[in-house]
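Quick note, the sequences are listed as chains A and B, same order. Letter 295 of the first sequence, counting from 1, is numbered 317 in our numbering, and no numbers are missing. Letter 175 of the second sequence, counting from 1, is numbered 487 in our numbering, and no numbers are missing. Even for Gly, the Cβ is constructed at its ideal location relative to N, Cα and C.
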Amino acid sequence: MRMNGAQILLESLVREGVEHIYGYPGGVVLPLYDRFPEFPKLHHVLVRHEQGAAHAADGYARASGKVGVCLATSGPGATNLVTGICTAWMDSVPLVALTGNVARNLLGRDGFQEADITGITLPITKHNYLVMKASDIAYTVREAFHIAGTGRKGPVLVDIPKDVFQEEAEFHWPETVSLRGYKPTMQGHAGQIRKAAKLIDEAQRPIIIAGQGVIASGGAPELRAFAEKAGIPVVTTFLGIGGFPQDHALSYGWMGMHGAFYANHATDKADVVIGIGNRFDDRAMGRFADFNPNAQIVHIDIDPAEIGKNFKTAVPIVGDVKTVLGALIEEVEPHTHVEWVRWIDEMRQEHPSFIVPQGSVMSVQYVISQLNEATRGDAVIVTGVGQHQMWTGQFFTFREPRQLITSGGLGTMGFEVPAALGAAMARPDKTVWSICGDAGFQMTSQELATIMDQRVPVKFAIMNNGFLGMVRQWQELFYDNNYVSVDTREALCQPDFVKLAEAYGMKAMRVTAKQDVRAAIDEAMAHPGPVLVDFHVEAEGNVWPMVPAGASLAETLDHPLTAGKFSKGAR
Amino acid sequence: MMTTMHTLVALVEDHPGVLNRVASLFRRRGFNIESITVGKTETDGISRMTLVIDGATTQVEQVEKQLYKLIDVVKVSDITHDGIIARELALIKVRCNNLNRHEIVQLAQIFHAEIVDVTDTTLVVEAVGDEDRLESLLKVLRPYGIREIVRTGRVALARGVGSTSVDAEPAEIRQFHRREGRMPAKPLPFASD
């Protein structure tokens, strides 16, 4: 069938099963927008800034497990996507970013709104394309979705010049994709799996570090079966939260810079560390040179380049986490490491790590633990970046994959508003709470308008402490209390968030006293539409425990209330 | 002395921008390239990159793995330990005069190099060899005054019957060639045809 490039692109998106496209029109994509009404299956969501489009598509992808799609015009539209594309890149989120570009005869001539977006996104995409013929669009879209959504997932950008949208070509949809340079390894090597099983069977103090690969591969049930059979304690990375139920007897929370004291110390004392779909990065592992020298590492990951990148690995297994764990479960012997588990349990009793401050002060910790109670832990939680993000990880009990939507690798403030839009559209069956900082919220608050026009019932909880909290904490601890450019309430003219929300027509409440927290949360949840709650929380709370930047896991600073009581010592 | 230089061969799709992807990867990850050459191969649509990397400054295994992650890279092999034939071509413009021209020509002959251009005051020497040979030649030519040098960088091929080609040679073709001493005039039918 003859179609023009715009129709070919939209038909291809329909064939890929795309539901929502987060986008913003502009000059060169007008021929594309002109054809949208012909494709009623594609729901276009008009964001208010292209960064919001990328984050919303990202939030949708993380919450649903499908490929998210965003769309922008050339030049500034395309460059505004960059932060969102990089966020998805760092966290291996499947995303297809579509951009228009100037007509083919103007490419490379610095015309109005031209940006070399394929060049710009080269280091932050899994792959990208500049499509120069309408007849190339269909197979390019097919390849882009295939590359984004398989193997180690990631963003793919497709850039299409204006006149390619207008050019006519025959529509031909390729049923299969074959790329000779891209064949992800799914099955683990049988010999390596046996070797790993032997090492695991002989281990005295094994520990599992479960990363986001567990969630991305759909391998949470296999992880649980594996941990239970082999009797191995599980800690997760921050992005791995939800891959293993946090209320499980073998769950020891998450490790890393603000992870549990016992999780960090247990990892530091283990004799076999089984990394599953994680990448052993600096925020999780502390100073590389001083990481547990006695540990032998088994590393399962779909990306061979992650194995051996930061640490020497005793048994590398390249493959899909779900598939490899399925095979590994068969090979390992049933085990209970009673003494080792008891040792960690005792450490956890002495160092509970996550402590809600007592007294009348309304702390973020208290608000999040109330959110946890009010939702019974059954909600999708989106966060921004900073103190409230760490406290969310600490005080909410996550039991299921895709429950926590957060920017881990890039640490993108402003992620929380548009990502919540995408997550809520992916999971209409769930309550979606976006836990925001008062600073990050202002980076993308224009998307409240999108949330209102889409009638998506996101609940916003702003942890308003009047500070750039995490930066302030570092200035307090590591820069002698020298507060510079962090005091948002006094010095930087904090807006009235209630009035701001109301300006968009959104229901909003302010909570200034601890005893009103629960009632406000309940009221927000009872309201059928979107709600914003501005919690005026403790101004200068600090996140504990903490591995200071450049320190090792063994040097984890405990919560001040329990610090110095660690009596167990090294084994 | 153990050399730390590794020779990698990357077979890549012959698409626009592939060299840019490889160069961008090396820049971003801080990999140092000693030399890189690109050219066509026996397979249409596939180019061959020969990369020389110093293992003392760069994690060669990471280079291999990261290269392979690029969608346009079809195959990567480290052929350092395969017994390779490595060659580089150099064109050297060297000063001369009526007194020493003959001397320079003789020196070039020792290195099996050719004189490809002569003027009153210069000679252009074309030399092929491994890096050591070219360095030795340059060393003896330097006292005469070198005006300009251009070098291609290393190209390399593994010795023996093995091949780093992307296409595996069908057994029938191999047997035909062994039997007849030549290639079949047209491709042989597959058993399933």
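- Setting aside the 5 residues that flank it on each side, E355(A) is surrounded in the same chain by D223, each with a C-beta closer than 6 Å to its C-beta; the list follows chain order.
- Contact between the segment 234-254 of chain A and the segment 340-351 of chain A is present: three or more C-beta pairs spanning the two stretches fall below 8 Å.
- Neighbourhood of N344(B) in chain A, by CB distance below 9 Å: empty, with the nearest CB roughly 17 Å away.
- Looking at the backbone, the Cα of P423(A) and that of S429(A) are separated by about 15 Å.
- When the alpha-carbon of A282(A) is set against those of D269(A), P145(A) and H373(A), the nearest one is in H373(A).
- Cβ proximity to chain A below 9 Å picks out K381, L382, I383, D384, V385, V386 and K387 from the segment 381-413 of chain B.
- Non-local C-beta neighbours of H357(A) in its own chain, meaning closer than 6 Å and more than five positions away in sequence, comprise A252 and G253, ordered along the chain.
- For R491(B), the enclosing alpha helix (DSSP H) begins and ends at A483 to E492.
- I358(B) and A483(B) have their C-alpha atoms some 22 Å from each other.
- At a cut-off of 9 Å between beta carbons, K498(B) makes no contact with chain A.
- The C-beta separation of K452(A) from A525(A) comes to about 27 Å, leaving the pair out of contact by the 8 Å criterion.
- Burial check for K381(B): the Cβ neighbour count within 10 Å reaches 16 or more, so the residue is buried.
- Note on geometry: alpha-carbon atoms of N394(A) and D544(A) lie some 12 Å from one another.
- Here the C-alpha atom of A271(A) lies approximately 10 Å from the C-alpha atom of D367(A).
- Here A548(A) is exposed, its C-beta having fewer than 16 other C-beta atoms within 10 Å.
- The DSSP-derived three-state label of A271(A) is coil.
- Residue nearest to D384(B) within the set S200(A), V363(A) and P450(A) is S200(A) (criterion: CA-CA distance).
- When Cβ-Cβ separations below 9 Å define contact, D325(A) makes contact with chain B.
- Here the alpha carbon of A483(A) sits roughly 10 Å from the alpha carbon of F463(A).
- For A398(B), the uninterrupted beta strand (DSSP E) run begins and ends at I396 to R407, by DSSP.
- If you draw a straight line from the Cα of A137(A) to the Cα of T95(A), it is about 10 Å long.
- For Q487(B), no CB of chain A lies under 9 Å from its own CB, so it is not counted at the interface with that chain.
- For the options A306(A), V480(A) and L499(A), the alpha carbon positioned closest to that of A546(A) is the one of V480(A).
- For G431(A), the closest Cβ of chain B is not nearer than 9 Å.
- According to the DSSP secondary-structure assignment, M25(A) is paired through a beta bridge with A191(A).
- Bounds of the beta strand (DSSP E) holding C458(A) are V454 to G459.
- Within 7 Å of the CB of V372(B), no CB atom of chain A is found; the nearest one sits about 12 Å away.
- Scanning chain B for C-beta atoms nearer than 7 Å to the C-beta of Y204(A) yields I383, reported in chain order.
- Taken atom to atom, the span from the alpha-carbon of T259(A) to that of M25(A) is near 47 Å.
- Not a single CB atom of chain A sits nearer than 9 Å to the CB of V321(B).
- At a cut-off of 9 Å, the C-beta of E481(B) has no neighbouring C-beta in chain A.
- DSSP places G213(A) in the uninterrupted alpha helix (DSSP H) bounded by A212 to E224.
- For the set S507(A), E438(A) and Q476(A), the Cα lying nearest the Cα of G106(A) is the one of E438(A).
- Counting of Cβ neighbours within 10 angstroms places P255(A) among the buried residues, the total reaching 16 or more.
- Judged by their CB atoms, G433(A) and A79(A) are not nearer to each other than the 9 Å cut-off.
- For I169(A), the neighbours in chain B by C-beta distance under 8 Å run, in chain order, I383.
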